[in-house]
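In our numbering, the protein residues as written are 34 to 177. The beta-carbon is built from N, C-alpha and C at its ideal position, and this holds for glycine as well. Quick caveat, the model's predicted, so the values are computed rather than measured. First up is the structure itself, then whatever we jot down about it.
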């Protein structure tokens, strides 16, 4: 059992800040974003054998999906600052590569000669462009 907790801890240390920033874009306040992040990692703990077995989509994609799904489960639609849907990510080059084409962040950085910090900045910019788009629809997220 110690190994499974270590795996979740590694995921948290690797992706927690990025997932929290996505949650902050969705949630109405910091407390709600923290609850979304906690709920996401509870799901990760429950689903870790599926997440880490190599037969599912890349981990980062699955984690983003879980954050979006958890936000929609925990918040009423009128509480969502921005109602992100996976479909919107198709219009952003980096996020599209990560989510739709399922390329890893490491591969994207290598291919485009970017640091992880550069990629994180680009992700924030793309999230902001989604947030600022006029096509914010209230389409529910599909179940994963």
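- Between residue 52 and residue 96, the gap from beta carbon to beta carbon is short of 8 Å.
- Boundaries of the alpha helix (DSSP H) harbouring residue 154: 149-165, taken from the DSSP string.
- Between the alpha carbons of residue 48 and residue 138 lies a gap of roughly 11 Å.
- Straight-line spacing of the CA atoms in residue 64 and residue 136 works out to 32 Å.
- Closest option to residue 46, judged by alpha-carbon separation, among 70, 57, 66: 70.
- For the pair residue 77 and residue 59, the Cα-to-Cα distance works out to about 19 Å.
- Under the DSSP assignment, residue 141 falls in the alpha helix (DSSP H) whose first and last residues are 138-145.
- Taken through DSSP and simplified to helix, strand or coil, residue 129 comes out as helix.
- Take the alpha-carbon of residue 159 and the one of residue 107: they are about 24 Å apart.
- In this model, residue 147 and residue 141 are separated by some 8 Å (Cα to Cα).
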